[in-house]
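Structure first, then comments.
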Amino acid sequence: MIPSPPRAARPASRRRAGRARRPLGGLALAAAALVSLAACSGAGAASGSGPDAAAAPAGSPDGAYTTPRTMPAGKGSGQPDGVFPRTVAHFAGSTTIPAAPTRVVVISTGQADALLTLGVVPVASTAADGADLVPAYLSKAFPEDAAALGAMTSVGNRIAPDVESVAAAKPDLILMNTAGKDAASLYASLSAIAPTVATQGTGLHWKEDMLLLADAVGRTAQAADWLDSYQSDAAAYGATVPDGTTVSFVRSSADRLRVFGVASFAGSVAEDAALARPESQGFTDETSQDISEEQLDLADGGHVFAGVQGGDDTALTGLPLWPTLQAVSDDAVTFVDDDVFYLNTGPTAARAVLDAMEAALS
């Protein structure tokens, strides 16, 4: 639901909740301009290995941004904030939203993250396998919404949402993404319940998704201001990191061991700070690449941010080749919140990733 009166969007502060952010004059983008701008994209990366072999930072003049950061071309409503009804073009069609939504159901936790950042509490959400309905990082970031978050209901697994549970939540807006299987069928089922807007999903598109989602609830200016402030803070932090410092992202889950590239969620935050990546993780054509235990050297870097499903660090530290990593010898490994770095893709998670990198590299 949307609190009454509406709560302002959470500031994009580099500091923890409750600290005021430094004013950043002249950085906010006009909402109307966001609707018409085309999404940015990038391509190309080297491959290789070794903590000292770095690809050019994608956010630097020598690289190309791969994370789109404007309203997707041809999407959105073109309407000023607060104007309803509004017809929003999105990734599954076009939807008319008759009035400002007060009961929003989300099919991905990344969408819940974005809504909360904009001052909107969803009434229901899905959850990932083995994950809480409300990830701990969101409960911590939004203590003022504890009662509303505690009242949220589950609508099943985010891979296979329960359509009947969605209907039972009596939504006046449903948010989904098109990244999963059978997205067209799911959209047909959900849109029969309430107006439904589909974003792209995946870590690469979290900024575009935030802007499109914000349009659906009439808060594009808030989203633009948040992203502007975040981008400025990320660039300012990146300028303090010594040139050539590489950051690596690796995750162990069930029977998989993966490294994450530039186009991953955590990779996009590193890109925003213009941080270099190991050449082995310079790929942009996919989010992650599976590696074997014998290829663990591909996870090495100047600083390694490691995630483990379930939180048992020994899934990585117990690997035979773990002690051979240069980052391990240099005491340059940080075990991170798996929810924040590798499971959720939203603005509050992005801020948490940036803060974690700052703490580790300061």
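The sequence shown runs -38 to -1, 1 to 324 under mature numbering (1 follows the signal peptide of the UniProt record, and there is no 0).
Don't be surprised by glycine CBs; every beta carbon is placed ideally from N, CA and C.
The model shown is predicted, which means the values in this text are computed figures rather than measured ones.
Residue i, enclosing alpha helix (DSSP H) - first and last residue
i, result
"residue 173", "168 to 178"
"residue 111", "108 to 112"
"residue 101", "98 to 103"
"residue 227", "227 to 234"
Proximity to residue i [Cα-Cα], best of the options
i, options, result
"residue 237", "53, 205, 141", "205"
"residue 220", "254, 231, 202", "254"
"residue 249", "35, 33, 212", "212"
"residue 276", "214, 182, 303", "214"
"residue 234", "166, 113, 258", "166"
"residue 30", "56, 296, 174", "174"
"residue 61", "54, 55, 50", "50"
"residue 44", "182, 280, 203, 260", "182"
Beta strand (DSSP E) segment containing residue i, residue limits
i, result
"residue 267", "265 to 270"
"residue 211", "209 to 215"
"residue 55", "55 to 59"
"residue 46", "Run containing residue 46: none; DSSP gives neither H nor E here."
"residue 221", "218 to 222"
"residue 252", "250 to 252"
"residue 198", "Taken as a continuous stretch (DSSP letters only), residue 198 belongs to no beta strand (DSSP E), being part of the alpha helix (DSSP H) at 182 to 200."
"residue 70", "Element bounds for residue 70: n/a, residue is neither H nor E."
"residue 116", "115 to 119"
"residue 87", "86 to 89"
Alpha-carbon spacing of residue i relative to residue j, whole angstroms
i, j, result
"residue 96", "residue 115", "10 Å"
"residue 80", "residue 104", "11 Å"
"residue 132", "residue 207", "50 Å"
"residue 252", "residue 285", "20 Å"
"residue 300", "residue 141", "20 Å"
"residue 258", "residue 273", "19 Å"
"residue 57", "residue 196", "34 Å"
"residue 189", "residue 162", "18 Å"
"residue 309", "residue 53", "20 Å"
"residue 164", "residue 305", "10 Å"
"residue 262", "residue 209", "9 Å"
"residue 242", "residue 260", "6 Å"
Environment of residue i [buried if 16+ CB atoms lie within 10 Å]
i, result
"residue 324", "exposed"
"residue 312", "buried"
"residue 121", "exposed"
"residue 156", "buried"
"residue 169", "buried"
"residue 146", "exposed"
"residue 228", "buried"
"residue 256", "exposed"
"residue 84", "buried"
"residue 112", "exposed"
Note to self: Is it the case that the segment 284 to 292 contacts the segment 313 to 322, given that we only count it when at least three CB pairs across the two stretches are under 8 Å?
What the structure shows: no
Notebook entry, point to check: Counting Cβ pairs, one atom from each stretch, are 3 or more of them under 8 Å apart for the segment 65 to 74 and the segment 87 to 102?
Noted result: yes
Check: Should the segment 176 to 183 be called in touch with the segment 34 to 48, which here means at least 3 C-beta pairs below 8 Å?
Finding: Of all C-beta pairs linking the segment 176 to 183 to the segment 34 to 48, three or more are shorter than 8 Å, placing the two stretches in contact.
Checklist line | At least three beta-carbon pairs within less than 8 Å, the segment 58 to 73 to the segment 148 to 167 | finding: yes
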